[in-house]
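K.L.:
Using the numbering used here, read the sequence shown as starting at 1 and increasing by one per residue. Ideal Cβ placement from N, Cα and C applies to all residues, glycine included. All values derive from a computational prediction rather than experimental measurement.
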Amino acid sequence: MPTKSPIDYWKSVVFDSYSEFRGRARRAEYWWFALVNAGIGIGLLIVAAVLSSISDTLGVLVYVLYFLFLVAIIVPSIAVLVRRLHDTGKSGWFYWFILIPLVGWIIVLVFLLTDGDRTENEYGPSPKYGMGGPDAA
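Okay, here's the thing in structure tokens:
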């Protein structure tokens, strides 16, 4: 099976499962999506900063574009994070741990970095290993 590119992962999250909170997401799906988002965001901010030195209007236009990008990825970002938590056997409600001052984001980060359940869990089959887990024939 050919390996998906980072852009393929991003397009899959944004276009194929925009608001899909059910099921599971592999680490690769989550982290490639996050990395591409970071790249787009940083790229837009750099362009906005450069254009702001040339023309305030152009700079503001790109900042507005950046804001619209952030708004557009809110739902798929939360959805893929919830599916990633599901892959580790955690409820999507663990997302709210982010709100715990100082340590909440660390707890969620550990969950996001943890390998998913190797076998089917209450959220569905393993997206990495399928129905039977790694030992299935």
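Which parts of the segment 13 to 95 are runs of the alpha helix (DSSP H), unbroken and 4 residues or longer, counting only runs that do not cross its ends?
P.N.:
As far as the segment 13 to 95 is concerned, its whole alpha helix (DSSP H) runs of at least 4 residues are 27 to 54, 56 to 72, 74 to 87.
K.L.:
Exposed or buried, what is F33 when buried is set at 16 or more other beta-carbons lying within 10 Å of its beta-carbon?
P.N.:
It counts as buried.
K.L.:
Can you give the Cα-Cα distance for V108 and G116, rounded to whole angstroms?
P.N.:
Their Cα atoms are separated by approximately 14 Å.
K.L.:
Apart from the five residues just before and just after I98, which ones in its own chain have a Cβ nearer than 8 Å to its Cβ?
P.N.:
Cβ neighbours of I98 beyond the five flanking positions: G104, W105, V108.
K.L.:
By how many angstroms is the C-alpha of G89 removed from the C-alpha of L125?
P.N.:
According to the sequence provided, residue 125 is Pro. The question's Leu does not apply to it. Going by the C-alpha atoms only, they are around 11 Å apart.
K.L.:
Would you list the residues sitting across from S126 in a DSSP beta bridge?
P.N.:
Answer by DSSP bridge pairing, in chain order: G130.
K.L.:
Counting only runs that start and end within the segment 96 to 122, where is the alpha helix (DSSP H) found for 4 or more residues in a row?
P.N.:
DSSP runs (the alpha helix (DSSP H)) wholly in the segment 96 to 122: 104 to 113.
K.L.:
Among residues of its own chain, excluding the 5 on either side of Y95, which ones have a beta-carbon nearer than 8 Å to its beta-carbon?
P.N.:
Closer than 8 Å at Cβ, skipping near neighbours: I78, L81, V82, L85, V108.
K.L.:
Among W93, V47, Y9, which residue has its Cα nearest to the Cα of R22?
P.N.:
R22 has its Cα closest to that of W93, out of W93, V47, Y9.
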